[in-house]
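A.B. asks:
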Amino acid sequence: MKRTVAFLSLIFVCYVAKAQIPSAKSLFQFDSTSTPRWASFENPTAAKGKAATENYGAKGHPSDEINAGETKVLLNTKSAGIINRIWITIDDRSPEMLRSLKLEMFWDDASKPAVSVPFGDFFGIGLGKTTAFHNALFVNPEGRSFICYIPMPFKTAARIQIKNESDKRLTHIFYDINFQQTPWRNDNLYFHAYWHRDTATKLAEDFKLLPKVKGKGRFLGVNVGVLANPVYENHWWGEGEVKIYLDGDTNYPTLSGTGTEDYIGTGWGQGEFYNDYAGSLYASRNNDNGWCFYRYHIPDPIFFRRDIKVVLPEMGSNKKELVAALQAKGVPLIPATIDDQHGAPKPLYKPGYTVNLNDTTLPEGYIIFYRSDDVSSCAYFYLDKPTDDLPPLQDVIMRTYKLIKKD
């Protein structure tokens, strides 16, 4: 019996390893169309035979600084290729700096960036709360560095830059960007990322994780940060179900989940955990009402042919008498559903109408209600063009407003 279990375990391990490697054969087969290049301060142009030249081959320029208001170009190449890995570490990893550094990526000499997001949020660090973790797309080995493994193809050119929009100097930044010079394929898609924050979501109005994007592509996933509004006391905030509108959907989406913590694979609340495709890296430590979580659609791809929009309603729940007490105090909320624990939840919501929870005809149970919280998100997606029509990144004041400073 033990031998059978061990054998089955070995098969499972091999299956998982094979699933994580696109093609095992590619490890030992020579690719004559691929040429490796690394960009760093030791070779910012990633040119052949031009690395480590500043100090006669000795370590001469491993790091640099970025003054307040300055933009530092990390990669500027004119070729076709695919970025495979980005590694960066900085000496100021405070929430303010992680939100003040603006990371931008431009493909094929486009004037508008496909990626324009806060540095920390891009690397999976919601709310500027850096922590050690790893998943299929991002790694922070000991909470001191930032690694991205998202493949990013480009047809004729790629430029990556960081702008310091804080009021102080970043004294040390180290990086290397690893890419392959390789021919463009007609079925390639360009990588994009979009960040947005609403410090007070509107009742019954879904927060847009990704506003409507037109084109053909793939939604890769999202990293979300929530600062729960203290006026709701300790009431649960995560009842909102992620909804995805695809290819002409108007009033109602094609895809819908069942709740916020359900979306990342857990249930009945949300603690801290991480795995390859979903996790929650921060869960209200010291009762500070902060939550950071992610979901990456790798084993469950979401392709779109015409357009896509991804939203998250901000909703909470608790026992009827507790939510009724909040309502009586004038706390902003709109009851949406009541779950009397004897069957399917019963709808209460009608646009423009608010149920009085002190109505004696209502059964006892749990109330799911719309609420208003501080929500931010970084969405990742591929598109069949190097630019999109999304709004520009919000200013640094909005990005750094009332961040949690303690752990």
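In case it helps, mature numbering (1 follows the signal peptide of the UniProt record, and there is no 0) puts the sequence shown at residues -19 to -1, 1 to 388.
By construction, the Cβ of each residue, glycine as well, lies at the ideal position given by its N, Cα and C atoms.
The model shown is predicted, which means the values in this text are computed figures rather than measured ones.
Counting pairs of beta carbons, one from the stretch 124 to 138 and one from the stretch 87 to 94, are three or more of them closer than 8 Å?
C.D. replies: yes
A.B. asks: DSSP state of K366, grouped into three classes?
C.D. replies: In this structure, K366 counts as coil in the three-state DSSP scheme.
A.B. asks: Is the Cβ-Cβ distance between A305 and N339 less than 7 Å?
C.D. replies: Their beta carbons are under 7 Å apart, which means A305 touches N339 by this criterion.
A.B. asks: In chain order, what are the residue ranges of uninterrupted beta strand (DSSP E) at least 3 long that sit wholly in the stretch 46 to 72?
C.D. replies: 52 to 58 and 62 to 71
A.B. asks: Return the residue from the list K193, L293, L208 and T241 that minimises the CA-CA distance to R286.
C.D. replies: K193
A.B. asks: Taking 7 Å as the threshold (C-beta atoms), are N167 and D354 in contact?
C.D. replies: no
A.B. asks: Look up A174 in the DSSP assignment and give the residues it is bridged to.
C.D. replies: V96 and Y361
A.B. asks: Output needed for E35: all residues of its chain with C-beta closer than 8 Å, excluding positions within five of it in sequence on either side, in chain order.
C.D. replies: E23, G41 and H42
A.B. asks: Is there contact between the stretch 71 to 86 and the stretch 144 to 156, where contact requires at least three CB pairs shorter than 8 Å?
C.D. replies: yes
A.B. asks: Taking the alpha-carbon positions, what's the Y(-5) to N204 distance?
C.D. replies: Here the model assigns Y(-5) a pLDDT of 39, short of 50, so the residue's position is not dependable, and the following value carries that caveat. When rounded, the distance between both Cα atoms is 28 Å.
A.B. asks: Cα-Cα, which of N268, Q251 and N267 is closest to S261?
C.D. replies: Q251
A.B. asks: For the alpha helix (DSSP H) that contains K301, what are its first and last residues?
C.D. replies: K301 to A309
A.B. asks: If we ignore side chains and look at the alpha-carbon of each, how far apart do N169 and I63 end up?
C.D. replies: 10 Å
A.B. asks: If I measure Cβ to Cβ from D228 and keep anything under 7 Å in the same chain, skipping five residues before and after, which residues do I get?
C.D. replies: F285, R286, R287 and D288
A.B. asks: With a threshold of 8 Å, are at least 3 pairs of Cβ atoms found where one atom belongs to the stretch 264 to 280 and the other to the stretch 313 to 323?
C.D. replies: no
A.B. asks: Do you know how far the Cα of L236 is from the Cα of D243?
C.D. replies: The straight-line gap from Cα to Cα measures roughly 14 Å.
A.B. asks: Compute the Euclidean distance between the alpha carbons of F104 and E345, then round it to the nearest angstrom.
C.D. replies: C-alpha of F104 to C-alpha of E345: approximately 44 Å in a straight line.
A.B. asks: For P17, list the residues DSSP reports as bridge partners.
C.D. replies: Q161
A.B. asks: Report yes if the CB atom of L191 is closer than 7 Å to the CB atom of V291, and no otherwise.
C.D. replies: yes
A.B. asks: D45 and T152: beta carbons closer than 7 Å?
C.D. replies: no
A.B. asks: Pull up the distance between the alpha-carbon of I245 and that of D102, whole angstroms please.
C.D. replies: C-alpha separation (whole angstroms): 17 Å.
A.B. asks: Can you tell me whether DSSP reads T318 as helix, strand or coil?
C.D. replies: strand
A.B. asks: What residues in its chain sit with their C-beta under 6 Å from that of K224, if we drop five residues either side in the sequence?
C.D. replies: P234, S237 and V292
A.B. asks: Looking only at its chain, what residues have a beta carbon closer than 6 Å to the beta carbon of S60, apart from the 5 residues adjacent to it on each side?
C.D. replies: Q162
A.B. asks: What span of residues does the alpha helix (DSSP H) with S75 cover, start to end?
C.D. replies: Here S75 belongs to no alpha helix (DSSP H), and DSSP marks it neither H nor E.
A.B. asks: Please state whether DSSP places I283 in a helix, a strand or coil.
C.D. replies: strand
A.B. asks: Select from G206, D365 and A185 the residue whose C-alpha is nearest the C-alpha of L314.
C.D. replies: A185
A.B. asks: Does L374 come out as helix, strand or coil in the three-state DSSP assignment?
C.D. replies: In this structure, L374 counts as coil in the three-state DSSP scheme.
A.B. asks: If I'm right that K383 touches P76 with Cβ under 8 Å, what's the distance once you round it to whole angstroms?
C.D. replies: With a Cβ gap of about 10 Å, K383 and P76 do not count as contacting.
A.B. asks: Can you grab the Cα-Cα spacing for the pair F350 / L108, in whole Å?
C.D. replies: Those two C-alpha atoms are separated by around 25 Å.
A.B. asks: Take Y330 and list the residues in its own chain whose beta-carbon comes closer than 6 Å to its own, dropping the five residues that flank it on each side.
C.D. replies: Here Y330 has A317 as same chain residues with Cβ atoms under 6 Å from its own Cβ, once five neighbours each way along the sequence are excluded.
A.B. asks: Please name the residue, chosen from G30, T26 and K31, that lies closest to V54 on a Cα-to-Cα basis.
C.D. replies: It is T26 whose Cα lies nearest to the Cα of V54.
A.B. asks: What does DSSP give as the partner residue(s) for G297 in the beta ladder?
C.D. replies: F350
A.B. asks: Pull the bridge partners of V194 from the DSSP assignment, please.
C.D. replies: I289
A.B. asks: If you run the structure through DSSP and keep just helix, strand and coil, what is F103?
C.D. replies: Here F103 sits in helix by DSSP.
A.B. asks: Output needed for W165: all residues of its chain with C-beta closer than 6 Å, excluding positions within five of it in sequence on either side, in chain order.
C.D. replies: A61 and K136
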